[in-house]
Structures are given as structure tokens and as C-alpha cells.
Amino acid sequence: MPHITDTVATADGSCPVRLFTPEGQGPWPGVVMIPDAGGTRQTFADMAGKLADFGYAVLLPDVYYRQGDWAPFDMATAFTDDNERKRLMSFIGSISPQNWASDATAYFDYLAGRPEVSGTAFGVTGYCMGGRAALTIAGLVGDRVAAAASYHGGGLVTDGADSPHLRADSIRAAVYVGGAENDASFTADHAERLDKALTAAGVEHKIETYAAGHGFAVPDNRSYDTAAAERHWTTMREFFGTSLG
Numbered sequence: 132m133p134h135i136t137d138t139v140a141t142a143d144g145s146c147p148v149r150l151f152t153p154e155g156q157g158p159w160p161g162v163v164m165i166p167d168a169g170g171t172r173q174t175f176a177d178m179a180g181k182l183a184d185f186g187y188a189v190l191l192p193d194v195y196y197r198q199g200d201w202a203p204f205d206m207a208t209a210f211t212d213d214n215e216r217k218r219l220m221s222f223i224g225s226i227s228p229q230n231w232a233s234d235a236t237a238y239f240d241y242l243a244g245r246p247e248v249s250g251t252a253f254g255v256t257g258y259c260m261g262g263r264a265a266l267t268i269a270g271l272v273g274d275r276v277a278a279a280a281s282y283h284g285g286g287l288v289t290d291g292a293d294s295p296h297l298r299a300d301s302i303r304a305a306v307y308v309g310g311a312e313n314d315a316s317f318t319a320d321h322a323e324r325l326d327k328a329l330t331a332a333g334v335e336h337k338i339e340t341y342a343a344g345h346g347f348a349v350p351d352n353r354s355y356d357t358a359a360a361e362r363h364w365t366t367m368r369e370f371f372g373t374s375l376g
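Residue numbers in the sequence shown follow this note's numbering, run continuously in steps of one, and reach 376 at the last position.
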């Protein structure tokens, strides 16, 4: 899959990125892929390449660039090794909603300036931590996002003032949410509250629950589920095909 390695200037520094494109002649609609808590790694490069093959220019950023030259996480042990779990949680907590919005604006500006990319509004897809980020970005940078997809995203509905569902009125994008069964970070009650908020705001959306565990779509997660992952690719292809063209 064709791709380039580059950097994007943000308000807080320089973010390494990779831009994946299909074979052939563009331009193509642009999509930003936000990784899970483990951050950017080979698994997500493979996933970005697969999404690009559907007909999109896919930007994969190192969302932890503020950490400098950080050591990769081993997702097989990241949540069972106490030290690694603490490090991972500190990384997650280091990115505020305002950071996500500021970084996304820089990503979108970068895509808008690339000859491989068409349009002025973009897609965002994210996993776990990235699923929350996708809806956060759609709520804070609404005029730049045409489609936002969240897969096994956690914290989409919380009691905090920065909960993504509270920004439904600012979302201009179509929204797709694929939750996991028995996931304490996105329960049936959360799904109902999110649905009500998006409906009241007039946001085009679809919320589904997959018969799989949290983390089902990412191949190096211990909870990866082949059938659910394939379903996620099908729904994302249909969703972006309708919302981005």
C-alpha cells in the first residue's frame, strides 16, 4: 500500500504521521485514524493501509508525540504489568479534549494541503481511547468533520463536563458507534443516553452493539475477535462510503 512518512506541525510540537493512499490516481477523501491506548504501531499501520484500499487517503498520527521518543507498549501485557499499565494510563490522561481538537485541526490542515486528498471536511475513525477522541473531535471541530466513527470507544457518556455526548449540538458529522457487549466503559445505558443526545441534536447516527469484548477490532489486542473485526470493516466501508463519497 503506498504511503509516505511525514510530520505535522501542531500547537505543541511536531507530530510524526504516515499517510496511506490507494493504488492509482487520486485525489481521495481524507480520513484520520486515531489508535487505541497502545498508540500508533504496526497493527495500526496495517489497518490504515486496509482502510486506504477502500478508496481513502488515511492519516495515521503518533498521538503520543508529546511524550518524545516513547517506548512502544506490548498489548499482550500492557494492562497486566503494573508499571506498564501506569505508564499507559498516564499517556491517556496526558491528552485533553482541547489537545485532541488542536491536533485534529492541524491534521485536517495537513490533509487539505495534500494533492492526494479531496474535499474540505474529513472522516475520523478511532478505537477505544481513539473512539472517544473521534466524537470529541467531531464536537469541538464540527465544521471540519463529515463523518466520525467510534469502535469499542470508552467514555463516550460520562458525568464529566467534557463528556462527548454533551457536545452533540456542535456535531455536524454523521456518527457511527460500534460498542462491545459487557463493556463497562460503554454500557447499554450509555448507548441509550448517547442516542437521545444525538437524536435531540438532529445528528445522523447509528449505534450498534457487537457480540464481542472491548478491543475486538484491533488484531494485537487480547480480546480481538475475527468475526466482529470483519463486521467493523464492513460497517466502516458502508458508513464512509455514504458519508464521504
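Each residue gets a CB set at the ideal place from its N, CA and C atoms; glycine is no exception.
Residue 310 and residue 219 have their alpha carbons spaced roughly 22 Å apart.
Judged by DSSP in its simplified three-state form, residue 224 adopts helix.
Distance from the CA of residue 260 to the CA of residue 285, rounded to the nearest whole angstrom, comes to 6 Å. In this structure, the straight-line span from the alpha carbon of residue 254 to that of residue 331 is close to 22 Å.
Nearest to residue 198 by C-alpha distance, out of 170, 174, 176, is 170. Here residue 370 carries a helix assignment [DSSP, helix/strand/coil]. By the CB criterion at 8 Å, residue 237 and residue 162 fall outside the cutoff. Using a 10 angstroms sphere on the CB of residue 365, the tally of other CB atoms stays under 16, which defines it as exposed. Taking all protein chains shown into account, residue 257 has 16 or more neighbouring C-beta atoms within 10 Å of its C-beta and is therefore buried. In the three-state scheme derived from DSSP, where H, G and I count as helix and E and B as strand, residue 318 is classed as coil. Minimum Cα-Cα distance from residue 341 among the listed residues 283, 242, 321 corresponds to 283. When secondary structure is reduced to three states using DSSP, residue 361 falls in the helix class. CA-CA distance, residue 302 to residue 296, rounds to 10 Å.
Our two residues, residue 240 and residue 201, have alpha carbons roughly 26 Å apart in a direct line. Secondary structure at residue 180: helix, using DSSP grouped into helix, strand and coil.
Following the DSSP letters along the chain, one finds residue 261 in no beta strand (DSSP E) but inside the alpha helix (DSSP H) bounded by residues 260-271.
Around the beta carbon of residue 278, 16 or more other beta carbons lie within 10 angstroms, which makes this residue buried.
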